[in-house]
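Residue numbers (the UniProt record's numbering): 1 to 347.
Virtual Cβ for every residue (Gly too), placed ideally from N, Cα, C.
In this text the structure is predicted, and so the values were computed from the model without any measurement.
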Ligand SMILES: [Zn+2]
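Structural data, given as structure tokens:
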């Protein structure tokens with residue numbers, strides 16, 4: 001089968017790899033239909049993540065082809081969502097809804113595990129990793145497939161930022177970042193009852209429009225100290241109690257802390273790179289830093305109904321569709337900000 005391999009800085013290639021196959025009785029093989037390219041894939045692409053060569057991709061949905069003898073919750077033909085980490089569902093961390101810390105879990109594409117930007121993947125602990133979109137396992141309407149794909153990572157990540165910050169109804173929330181996670185955090189903040197949402201650090205007109213379509217009331221292009229001043233003006237000096245940091249860079253983290261009101265929280269979900277927190281600034285203002293890696297699996301059941309009834313449409317973060325054979329172009333376009341997030345059609 002064909003799968004995407006990261007070959008070194010700014011090089012991904014579609015290569016022939018061994019076919020996905022059942023190795024343990026708890027495995028299932030999924031034929032991948034759609035995959036996403038994540039911001040963390042982009043860090044790898046830029047030479048700041050996994051070492052080369054390695055299989056890449058961890059956001060995917062598709063149809064179960066085959067199951068191991070112990071698998072009972074899915075059957076061949078079921079259409080499933082695959083969270084960005086696999087997990088066993090039974091360890092103490094899975095039991096408390098932190099599947100990303102599963103003792104037996106792991107990332108796609110590490111060691112001998114398949115990754116998500118390929119034709120198929122063998123899924124460990126299929127009963128507890130895979131989530132059927134519909135109870136009977138049938139394929140949902142084409143119009144909501146992209147939104148369902150966001151449950152594998154990006155939308156649950158934005159939702160994690162909003163949930164960890166404990167947004168209360170009527171709050172003013174600032175979302176730092178204009179990538180797909182930031183857009184999802186805007187939608188999630190709205191879902192949780194925020195009444196005034198400001199998106200900071202949005203660079204281009206097309207991103208401004210998308211942020212507003214996701215629920216932002218105001219969008220500011222400024223970054224750093226200028227962004228802090230702009231937020232101060234927009235809130236008449238009352239800084240926000242909740243700031244959602246959705247980039248992961250040193251500058252965006254520092255900006256998020258600087259604009260947070262005393263007693264408030266900064267919730268971060270961007271994969272941190274070079275971040276060095278000034279703990280004293282947290283101390284003097286009683287600011288809580290929360291967030292981390294989203295337990296996507298934990299949130300899927302909560303968010304699925306709102307995608308199925310079309311009350312939310314997080315699929316709009318995928319701004320361009322590519323075929324799997326054009327995966328290198330998809331990365332190149334994302335790297336050059338020609339698309340916010342590529343949607344890869346595999347099947
Ligand atoms: Zn576990």
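Where residue i falls: helix, strand or coil (DSSP)
i           : result
residue 299 : helix
residue 79  : strand
residue 14  : strand
residue 71  : coil
residue 320 : strand
residue 229 : helix
residue 7   : strand
residue 331 : helix
residue 155 : helix
residue 234 : helix
residue 243 : strand
residue 140 : coil
residue 339 : coil
residue 254 : helix
residue 325 : helix
residue 313 : coil
residue 19  : coil
residue 86  : strand
residue 186 : helix
residue 214 : helix
residue 273 : strand
residue 120 : strand
residue 111 : coil
residue 263 : coil
Nearest candidate by alpha-carbon position, reference residue i, set the options
i           : options           : result
residue 235 : 258, 210, 86, 198 : 198
residue 18  : 121, 77, 301, 267 : 121
residue 15  : 141, 119, 48, 100 : 119
residue 211 : 28, 340, 24       : 340
residue 168 : 109, 240, 98, 232 : 240
residue 293 : 29, 55, 100, 89   : 100
residue 230 : 297, 9, 58, 260   : 260
residue 315 : 96, 285, 25, 145  : 145
residue 11  : 143, 45, 223      : 45
residue 57  : 335, 110, 70      : 110
residue 54  : 97, 171, 117, 39  : 117
residue 96  : 297, 81, 37       : 297
residue 218 : 138, 275, 2, 195  : 195
residue 222 : 238, 2, 252, 37   : 252
residue 319 : 7, 280, 37        : 37
Contacts around residue i, its chain only, beta-carbon distance under 8 Å, and the 5 residues preceding and following it disregarded
i           : result
residue 273 : 43, 48, 248, 249, 250
residue 140 : 79, 133, 134, 148, 308
residue 22  : 28, 29, 66, 67, 68, 122
residue 278 : 254, 257
residue 335 : 10, 42, 45, 46
Close-in-space but distant-in-sequence residues of the same chain around residue i (CB under 7 Å, 5 per side omitted)
i           : result
residue 106 : 85, 86, 113
residue 165 : 242, 244, 265, 267, 290
residue 317 : 150, 154, 180, 183, 184, 340, 341
residue 321 : 343, 345
residue 88  : 94, 102, 104, 105, 125, 128
residue 33  : 61, 62, 63, 346, 347
residue 70  : 25, 26
residue 288 : 265
residue 285 : 262
residue 81  : 61, 131, 133, 148, 151, 152, 300
residue 295 : 97, 98, 99, 100
Cβ neighbour criterion (16 or more within 10 Å) applied to residue i
i           : result
residue 83  : buried
residue 51  : exposed
residue 262 : exposed
residue 156 : buried
residue 233 : exposed
residue 92  : exposed
residue 323 : exposed
residue 35  : buried
residue 216 : buried
residue 228 : buried
residue 338 : exposed
residue 9   : exposed
residue 200 : buried
residue 41  : buried
residue 171 : buried
residue 39  : buried
residue 142 : exposed
residue 202 : buried
Close-in-space but distant-in-sequence residues of the same chain around residue i (CB under 6 Å, 5 per side omitted)
i           : result
residue 188 : 158, 159, 162
residue 193 : 169
residue 137 : 78
residue 31  : 62, 63, 65, 120
Exercise. Report yes or no: do three or more beta-carbon pairs, one from the region 170 to 187 and one from the region 207 to 224, lie closer than 8 Å?
Key: The answer is yes - the region 207 to 224 touches the region 170 to 187, with three or more Cβ pairs under 8 Å.
Exercise. For the region 62 to 78 and the region 123 to 137, state whether three or more C-beta atom pairs, one from each stretch, are separated by less than 8 Å.
Key: By the Cβ rule, the region 62 to 78 counts as touching the region 123 to 137, because three or more pairs are nearer than 8 Å.
Quiz item: Are there three or more Cβ pairs, one per stretch, closer than 8 Å when the region 298 to 308 is compared with the region 327 to 336?
Solution: These segments do not touch.
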